């Protein structure tokens, strides 16, 4: 996983509905590469489906009815191999990739659908790269 951008190119990055499809070691590599291209102090925002999310329960129920009761072979999406289970789990993955967990939210505000995880890139190792008008770029 190599993004074609110089170190510190972006003020931040966000991810919506993808991280759950990667194994934990792949997530570490992905987050580490995102850390590389995010400037020091920049943010990574992840909308990460929770293992106990309402959407997971509904889809699992639908899959059970269609596959086990009606004997269909139905798949709604690729396997979700890394649904987040807790704030501590998210913190550990982010910290191992050079981010500090800034916030973690999972609850009634979004009907228990997904955790919103915000990581802040640590300050070491990469200088900020600016565009031609002297303002940082965002991804």
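In this note's numbering, the protein residues as written are 37 to 175.
Glycine included, each C-beta is placed from N, C-alpha and C at the ideal position.
These figures come from a predicted structure and were not determined experimentally.
Bounding residues of the beta strand (DSSP E) (the contiguous stretch that carries residue i)
i           : result
residue 155 : 150-157
residue 51  : 46-52
residue 78  : 74-85
Among the options, nearest to residue i - alpha-carbon criterion
i           : options           : result
residue 86  : 62, 54, 69        : 54
residue 111 : 118, 95, 145      : 95
residue 42  : 129, 58, 152, 72  : 72
residue 148 : 120, 155, 129, 69 : 120
residue 49  : 77, 140, 59       : 77
residue 90  : 56, 122, 146      : 146
residue 62  : 156, 117, 152     : 117
Bridge partners - residue i, DSSP secondary structure assignment
i           : result
residue 139 : 154
residue 101 : In DSSP, residue 101 forms no bridge with anything.
residue 120 : 86
Terminal residues of the alpha helix (DSSP H) in which residue i lies
i           : result
residue 130 : 123-132
Reduced DSSP category for residue i - H, G, I as helix; E, B as strand; rest coil
i           : result
residue 171 : Confidence in residue 171 is poor, its pLDDT being 39 and thus under 50, which makes the residue's placement unreliable; the coordinate value appears in the next sentence. Coil at residue 171, not helix or strand.
residue 43  : coil
residue 38  : coil
residue 55  : helix
residue 60  : helix
residue 110 : coil
Practice item. Report yes or no: do the region 52-67 and the region 119-137 share at least 3 C-beta pairs separated by less than 8 Å? Key: yes
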